[in-house]
Amino acid sequence: DQQVKQNSPSLSVQEGRISILNCDYTNSMFDYFLWYKKYPAEGPTFLISISSIKDKNEDGRFTVFLNKSAKHLSLHIVPSQPGDSAVYSCAASAVNAGNMLTFGGGTRLMVKP
Amino acid sequence: KAGVTQTPRYLIKTRGQQVTLSCSPISGHRSVSWYQQTPGQGLQFLFEYFSETQRNKGNFPGRFSGRQFSNSRSEMNVSTLELGDSALYLCASSLEVEQYFGPGTRLTVT
Chain A
1 DQQVKQNSPS
11 LSVQEGRISI
21 LNCDYTNSMF
31 DYFLWYKKYP
41 AEGPTFLISI
51 SSIKDKNEDG
61 RFTVFLNKSA
71 KHLSLHIVPS
81 QPGDSAVYSC
91 AASAVNAGNM
101 LTFGGGTRLM
111 VKP
Chain B
1 KAGVTQTPRY
11 LIKTRGQQVT
21 LSCSPISGHR
31 SVSWYQQTPG
41 QGLQFLFEYF
51 SETQRNKGNF
61 PGRFSGRQFS
71 NSRSEMNVST
81 LELGDSALYL
91 CASSLEVEQY
101 FGPGTRLTVT
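Protein chains in written order, with this note's numbering: chain A, 1 to 113; chain B, 1 to 110.
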């Protein structure tokens with residue numbers, strides 16, 4: 001039972017345009033959401049997070065939106081740069097589960113020059 | 001500030017052997033979590049340690065165990081290795097909710 005899903009395995013975007021990565025979850029106990037970026041042969045790098053009490057969080061070119069009623073979150077990257085090409089994974093945690101993160105399967109983003 | 005470090009980076013073991021992996025968290029981080037990453041299953045939570053106590057455990061068999069020392073460094077042990085244990089093992093440390101990952105240990109079981 002996949003509690004966190006990223007339905008698009010890959011996404012291709014032109015440099016300078018917006019990249020939108022999506023994530024859906026099923027567990028209503030999740031109250032904190034994170035996005036990680038991963039290059040091959042490296043550990044995930046933390047990008048941005050959002051608490052369930054907010055619906056938006058911004059950090060430079062990265063914005064995460066949370067729609068609790070739809071159990072959906074998205075990561076927007078504007079403008080996209082070739083260096084953003086990587087696998088992006090969303091993760092969720094629940095207050096009663098300590099620091100256990102449940103990850104989605106990841107979306108490979110390719111930003112073309 | 002130094003990041004999370006993991007040793008060794010690569011390891012090859014034979015079925016039936018046991019292995020110990022090590023993780024040094026970011027200075028000041030008291031929580032250390034371990035994850036297994038495989039192509040088929042993605043990132044799966046193994047367990048979390050906080051102040052030398054296991055605080056959470058994922059759905060892995062008892063062959064997978066860990067511990068944390070008073071300096072927050074953590075070790076993970078897998079006994080009676082199986083071919084399916086071949087994976088990238090990632091350690092993450094945290095102060096609050098955001099977890100910061102190390103580069104991982106690539107374990108190959110032959």
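All C-beta atoms in this analysis are idealised placements derived from N, C-alpha and C, irrespective of residue type, glycine included.
Looking only at its chain, what residues have a beta carbon closer than 6 Å to the beta carbon of residue i, apart from the 5 residues adjacent to it on each side?
i: Asn77 of chain B; result: Thr20, Ser65
i: Tyr32 of chain A; result: Ser51, Ser93
i: Leu75 of chain A; result: Leu21, Trp35, Val64
i: Arg73 of chain B; result: Ser24
i: Val13 of chain A; result: Ser19, Ser80, Val111
Since residue i and residue j are thought to touch, with beta carbons under 8 Å apart, how far apart are those beta carbons, to the nearest angstrom?
i: Tyr35 of chain B; j: Leu43 of chain B; result: 5 Å
i: Asn57 of chain A; j: Ser94 of chain B; result: Not a contact, Cβ separation roughly 18 Å.
i: Val97 of chain B; j: Ser49 of chain A; result: 7 Å
i: Ser69 of chain B; j: Glu52 of chain B; result: The sequence given here has Phe at residue 69 of chain B, not Ser. That belief holds up - the Cβ atoms of Phe69 of chain B and Glu52 of chain B are roughly 7 Å apart, short of 8 Å.
Let me know the secondary structure DSSP gives residue i once reduced to three states.
i: Gly83 of chain A; result: helix
i: Cys16 of chain B; result: It is worth fixing the name first, because residue 16 of chain B is Gly in this sequence and not Cys. Residue state, collapsed to three classes: coil.
i: Val13 of chain A; result: strand
i: Val32 of chain B; result: strand
i: Asp85 of chain B; result: helix
i: Asp7 of chain A; result: What sits at residue 7 of chain A in the sequence shown is Asn, not Asp. Three-state DSSP puts Asn7 of chain A in coil, outside helix and strand.
i: Val95 of chain A; result: helix
i: Glu96 of chain B; result: coil
i: Thr110 of chain B; result: coil
i: Met76 of chain B; result: strand
i: Glu48 of chain B; result: strand
Looking only at its own chain, which residues have a Cβ that is under 8 Å from the Cβ of residue i, when we skip the five neighbours before and after it?
i: Gln37 of chain B; result: Leu43, Gln44, Ala87, Leu88, Tyr89, Leu90, Gly104
Please work out which residues of its chain come closer than 7 Å, Cβ to Cβ, to residue i, disregarding the five sequence neighbours upstream and downstream, and give them in chain order.
i: Val95 of chain A; result: Asp31
i: Leu47 of chain A; result: Trp35, Tyr36, Lys37, Phe62
Relative to the ligand FMN, is the shortest distance from any of its heavy atoms to the C-beta of residue i smaller than 8 Å?
i: Ala97 of chain A; result: This structure does not include the ligand FMN; it has no bound ligands of any sort.
Can you confirm whether residue i, when its beta carbon is compared against all beta carbons of chain C, has any partner nearer than 9 Å?
i: Leu109 of chain A; result: In summary, chain C is missing from the structure at hand, where the protein chains are A and B.
Checklist entry - Okay, do the region 3-12 of chain B and the region 100-109 of chain A touch, 3+ Cβ pairs below 8 Å being the bar? => result No: the two stretches stay apart, fewer than three of their Cβ pairs being nearer than 8 Å.
Next on the checklist: Suppose only complete runs of 4+ residues qualify. What are the alpha helix (DSSP H) ranges in the region 3-77 of chain A, listed by chain order?
Outcome noted: Residue ranges of uninterrupted alpha helix (DSSP H) with 4 or more members are absent from the region 3-77 of chain A; none lies entirely inside it.
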